[in-house]
Amino acid sequence: MAKSKTHYVCSSCGQDSVQWVGKCPSCKAWNTLEAFTVRSNTPAERRKSPQLKPAEARPLADVEVLELGRTPTGDAELDRVLGQGVVPGAVILLGGEPGIGKSTLMLQSVLHMAKGANRILYIAGEESPEQVRMRAERLGQVPPSLFVFAETDAQAVLRELEANKPSMVIVDSIQTMFLPEVESAPGSVSQIRETAAAFTRYAKQHHVPVFFVGHITKEGSLAGPKVLEHMVDVVLQFEGERHHAYRMLRAVKNRFGTTAELGLYEMRGTGLMGVEHPSDALLGQKSDDEGLSGTAVSAALEGARPMLVEVQALVSTAVYGTPQRSGTGFDLRRLNMLLAVLEKRCGFKLGSKDVFLNLAGGLRMQDPAIDLAVVAAILSSVLDVPLPWGTAFAGEVGLTGEIRPVPRINQRIAEASRLGMKRLFYSGHTRNVERPKDSQLELVGIRQVSDLHGRLF
Numbered sequence: 001m002a003k004s005k006t007h008y009v010c011s012s013c014g015q016d017s018v019q020w021v022g023k024c025p026s027c028k029a030w031n032t033l034e035a036f037t038v039r040s041n042t043p044a045e046r047r048k049s050p051q052l053k054p055a056e057a058r059p060l061a062d063v064e065v066l067e068l069g070r071t072p073t074g075d076a077e078l079d080r081v082l083g084q085g086v087v088p089g090a091v092i093l094l095g096g097e098p099g100i101g102k103s104t105l106m107l108q109s110v111l112h113m114a115k116g117a118n119r120i121l122y123i124a125g126e127e128s129p130e131q132v133r134m135r136a137e138r139l140g141q142v143p144p145s146l147f148v149f150a151e152t153d154a155q156a157v158l159r160e161l162e163a164n165k166p167s168m169v170i171v172d173s174i175q176t177m178f179l180p181e182v183e184s185a186p187g188s189v190s191q192i193r194e195t196a197a198a199f200t201r202y203a204k205q206h207h208v209p210v211f212f213v214g215h216i217t218k219e220g221s222l223a224g225p226k227v228l229e230h231m232v233d234v235v236l237q238f239e240g241e242r243h244h245a246y247r248m249l250r251a252v253k254n255r256f257g258t259t260a261e262l263g264l265y266e267m268r269g270t271g272l273m274g275v276e277h278p279s280d281a282l283l284g285q286k287s288d289d290e291g292l293s294g295t296a297v298s299a300a301l302e303g304a305r306p307m308l309v310e311v312q313a314l315v316s317t318a319v320y321g322t323p324q325r326s327g328t329g330f331d332l333r334r335l336n337m338l339l340a341v342l343e344k345r346c347g348f349k350l351g352s353k354d355v356f357l358n359l360a361g362g363l364r365m366q367d368p369a370i371d372l373a374v375v376a377a378i379l380s381s382v383l384d385v386p387l388p389w390g391t392a393f394a395g396e397v398g399l400t401g402e403i404r405p406v407p408r409i410n411q412r413i414a415e416a417s418r419l420g421m422k423r424l425f426y427s428g429h430t431r432n433v434e435r436p437k438d439s440q441l442e443l444v445g446i447r448q449v450s451d452l453h454g455r456l457f
């Protein structure tokens, strides 16, 4: 008869403990230890379990480097974020909010890859094969080399992998997988950790890339133990506003490439379409005769990708006592800091004003260069004077009111010039500024926030 043992695992960091304690000894979090029971396999169960080849120690100098190269996914945006393809044996975790398009992104990528000689296995833990087929037909033609396996038992999945030997595996989702010997519910800390470890061992020994689709919590972090993010090679975050068409794909962790790249998609009826030129999609077409106060254009940079983003601000007198501060797509604490700088350095009394800020397109961006456009949009709304079309901004605002230089200013200038901008305000402290040849873009260097007010109004 199988024996059972009870352990306690921290839901935050994955630390094991033989008894319950209120404070995790590893990450110091309170009330995060959860009980789970581990049952040792019977001889019959051990015979049924997939037997992976045991590892052995070898001199590093004797290890042969496998020149397998990267496998393109057929999705230009996904390849950009991964580093021009998937590395053999890589374990990739894709997280995002419910309904954001994680399964759609994975399915349309494997539909491209399965058109060749690649044998791909899609593990459906949340849908039936019929439901997967319906989604696949909406996204495109279904190739014969794409297989679907509706199963949540990780042991059964591993046996299927040993029998079929696919060239790529998609697990949708890792929170639905379970191992019978771990006596806890699917989605618990112990089940996620053990099933992910089993798939990771398979990926490394057989040089087969494995994609995990993961859920996120209400706080926005990936569901499960933090150790899951440490186990995998790549962590991708798929984000965006559900009521907007655009989605952003970022690499939070990437052992085989940079985390500075960004993928941008547009959700359509036929699936996710990559956006090659984000500025064209996000900015739209405007002219002088339709200018409205409270809007400014920022020459932003997400990762290594320049894009022009419209910043919208609305400043009005507070009528409900305490003034409201709201920022959509922009850090609220940074917005409060910029308002304080405007009061201190420019003399604008905003303490009794409601301030609402929005980045058009439903994007969330953290580039400090957006500061200058935020200040310009707020000033435009306060004075109710529209900014002339063709004016862009790129600069970080410090607590002293100075305009600080931002990285890769020449990339921002080139993008603004390509979109037909007429003027670009940037930090006067910036060195080695180059304007593209045959460009009519006027470069205006300013050093203080007060200089911006004087130049614009």
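Numbering (the working numbering), first residue to last: 1 to 457.
Note that CB positions come from ideal geometry on N, CA and C, so glycine has one too.
Here the structure is a predicted model, which means the values were calculated and not measured.
query = Are there three or more Cβ pairs, one per stretch, closer than 8 Å when the stretch 74-81 is compared with the stretch 251-265?
reply = yes
key: Which residues DSSP lists as bridging Asp172, in chain order   = Locating residue 172 in the sequence shown gives position 172, where the first residue counts as 1. According to DSSP, which records beta bridges pairwise, Asp172 is partnered with Ala124, Val213.
request  = State the Cα-Cα distance for the pair Ala300 and Gln84, rounded to the nearest angstrom.
outcome  = In the sequence shown, the residue the question calls residue 300 occupies position 300. In the sequence shown, the residue the question calls residue 84 occupies position 84. Roughly 23 Å separates the two Cα atoms.
query = Where does the unbroken beta strand (DSSP E) through Tyr246 begin, and where does it stop?
reply = Working through the sequence shown from its first residue, we reach residue 246 at position 246. Counting along the chain, the beta strand (DSSP E) containing Tyr246 begins and ends at 246-254.
Touching by the beta-carbon criterion (3+ pairs, under 8 Å), the stretch 364-373 and the stretch 431-442 = no
message = Could you tell me which whole beta strand (DSSP E) segments of length 3 or greater appear in the stretch 91-119?
response = As far as the stretch 91-119 is concerned, its whole beta strand (DSSP E) runs of at least 3 residues are 91-96.
query = According to the Cβ coordinates, are Met464 and Asp172 closer than 8 Å?
reply = Absent from the model: residue 464. The displayed extent of the chain is 1 to 457, so no value can be given.
message = In the DSSP output, what is Gln237 paired with across the bridge?
response = The residue given as residue 237 occupies position 237 in the sequence shown. For Gln237, which the question treats as bridged, DSSP gives the partners Gly95, Arg250.
ask   = Do you know offhand how far Cys24's Cα is from Lys115's?
value = Position 24 of the sequence shown, counted from the start, is the residue given in the question as residue 24. Position 115 of the sequence shown, counted from the start, is the residue given in the question as residue 115. If you take the alpha carbons of Cys24 and Lys115, they lie about 49 Å apart.
CA-to-CA distance, Leu249 to Glu160, given in whole angstroms = Within the sequence shown, the letter at position 160 stands for residue 160. Within the sequence shown, the letter at position 249 stands for residue 249. Their Cα atoms are separated by approximately 31 Å.
ask   = Can you tell me whether Arg47 is buried or exposed, with buried defined as 16 or more other CB within 10 angstroms of its CB?
value = For the purposes of this step, residue 47 is taken as residue 47 along the sequence shown, with counting starting at 1. With a pLDDT of only 48 at Arg47, under 50, the local geometry of the prediction cannot be trusted, and the value read off the model is given with reservation. When all chains shown are included, Arg47 counts as exposed.
Meets three-Cβ-pair contact criterion under 8 Å: the stretch 402-418 and the stretch 311-330 = no
inquiry  = To the nearest angstrom, how far is the alpha carbon of Leu33 from that of Val21?
reply    = For the purposes of this step, residue 33 is taken as residue 33 along the sequence shown, with counting starting at 1. For the purposes of this step, residue 21 is taken as residue 21 along the sequence shown, with counting starting at 1. Taken atom to atom, the span from the alpha-carbon of Leu33 to that of Val21 is near 7 Å.
inquiry  = Going by the DSSP bridge assignment, what does His429 pair with across the sheet?
reply    = Along the sequence shown, one-based indexing puts residue 429 at 429. Beta-bridge pairing links His429 to no other residue.
ask   = Name the DSSP bridge partner or partners of Leu359?
value = Sequence index remark: in the sequence shown, residue 359 carries index 359 (1-based). Paired residues: Val311.
N- and C-terminal bounds of the alpha helix (DSSP H) containing Tyr320 = Position 320 of the sequence shown holds residue 320. For Tyr320, there is no enclosing alpha helix (DSSP H), as DSSP marks it with neither H nor E.
request  = Please list the segments of the beta strand (DSSP E) lying wholly inside the stretch 129-215, counting only runs of 3 or more residues, in order along the chain.
outcome  = Runs of the beta strand (DSSP E) inside the stretch 129-215: 146-149, 168-172, 210-214.
query = According to DSSP, is Glu302 helix, strand or coil?
reply = Taking the first residue of the sequence shown as position 1, residue 302 is located at position 302. Looking at Glu302 - three-state DSSP - the assignment turns out to be strand.
task = Quick one: give me the first and last residue of the alpha helix (DSSP H) that Arg333 is part of.
result = If you number the sequence shown from 1, residue 333 lands on position 333. Segment 332-346, the alpha helix (DSSP H) holding Arg333.
query = DSSP puts Asp16 in a beta bridge; with which residues?
reply = Here the question's residue 16 lines up with position 16 in the sequence shown. DSSP lists Val9 as partners of Asp16.
Three-state secondary structure assigned by DSSP to Asp289 = To locate residue 289, count along the sequence shown from 1; it is residue 289. The pLDDT assigned to Asp289 is 46, lower than 50, so where the model puts this residue is not dependable; a value taken from the coordinates is nonetheless given after this. Helix at Asp289.
ask   = Count the other CB atoms within 10 Å of the CB of Glu128; is the residue buried (16 or more) or exposed (fewer)?
value = In the sequence shown, residue 128 corresponds to position 128, counting from 1. It should be pointed out that residue 128 corresponds to Ser in this sequence rather than to Glu. By the neighbour-count rule (16 or more Cβ atoms within 10 Å), Ser128 is not buried but exposed.
message = Tell me the DSSP secondary structure of Glu77 in three-state form.
response = If you number the sequence shown from 1, residue 77 lands on position 77. If DSSP states are grouped into helix, strand and coil, Glu77 belongs with the helices.
task = Report the partner residues of Lys353 according to the DSSP bridge assignment.
result = For the purposes of this step, residue 353 is identified with residue 353 of the sequence shown, where counting begins at 1. Answer is Thr317, bridged to Lys353.
query = Among residues of its own chain, excluding the 5 on either side of Asp354, which ones have a beta-carbon nearer than 6 Å to its beta-carbon?
reply = On the sequence shown, residue 354 is found 354 positions in, with the first residue counted as 1. Cβ neighbours of Asp354 beyond the five flanking positions: Ser316, Ala318, Pro323, Gln324.
message = Going by C-alpha to C-alpha distance, which of Val91, Leu308, Ala304, Glu130 sits closest to Phe212?
response = Translated into positions along the sequence shown, residue 212 becomes position 212. Nearest option by C-alpha distance: Val91.
task = Reducing DSSP to helix, strand and coil, say where Val297 ends up.
result = In the sequence shown, residue 297 corresponds to position 297, counting from 1. The answer is strand: DSSP assigns Val297 an E or B state.
query = What does a CB cutoff of less than 6 Å around Ala376 pick up in its chain, not counting 5 residues either side in sequence?
reply = On the sequence shown, position 376 is the one that residue 376 refers to. Excluding positions up to five away in sequence, the list reads Ala296, Phe393.
task = Inspect the beta-carbon positions of Ser380 and Val406 and report whether they are closer than 8 Å.
result = Sequence index remark: in the sequence shown, residue 380 carries index 380 (1-based). Sequence index remark: in the sequence shown, residue 406 carries index 406 (1-based). The answer is no: Cβ separation not under 8 Å.
request  = Output the distance between the C-alpha atoms of Gly101 and Asp16, rounded to the nearest integer angstrom.
outcome  = One-based indexing of the sequence shown puts residue 101 at position 101. One-based indexing of the sequence shown puts residue 16 at position 16. Going from the Cα of Gly101 to the Cα of Asp16 covers about 34 Å.
ask   = Nearest to Met421 by alpha carbon, out of Val397, His453, Pro388?
value = Position 421 of the sequence shown holds residue 421. Nearest of Val397, His453, Pro388 to Met421, Cα basis: Pro388.
message = Can you look up Arg435 in the DSSP assignment and give me helix, strand or coil?
response = As a working note, residue 435 is residue 435 in the sequence shown. Looking at Arg435 - three-state DSSP - the assignment turns out to be coil, as it is neither helix nor strand.
task = Would you kindly check if the distance between the Cβ of Gly274 and the Cβ of Pro386 is under 8 Å?
result = Residue mapping note: residue 386 aligns to position 386 of the sequence shown, counting from 1. Residue mapping note: residue 274 aligns to position 274 of the sequence shown, counting from 1. Contact check for Pro386 against Gly274 fails: the beta carbons are separated by 8 Å or more.
task = Go ahead and label Val232 buried or exposed: buried means 16 or more other beta carbons lie within 10 angstroms of its beta carbon, across all protein chains shown.
result = The sequence position of residue 232 within the sequence shown is 232, counting from 1. By the 10 Å Cβ count, Val232 comes out buried.
message = Please classify Asp62 as buried or exposed, where buried requires at least 16 neighbouring CB atoms within 10 angstroms.
response = Locating residue 62 in the sequence shown gives position 62, counting from the first residue. Residue environment: Asp62 is assigned as exposed (fewer than 16 neighbouring CB atoms within 10 Å of its CB, all protein chains considered).
query = Is it true that the CB of Met177 sits closer than 8 Å to the CB of Pro209?
reply = Here residue 209 corresponds to residue number 209 of the sequence shown, with the count starting at 1. Here residue 177 corresponds to residue number 177 of the sequence shown, with the count starting at 1. Contact flag unset, no.
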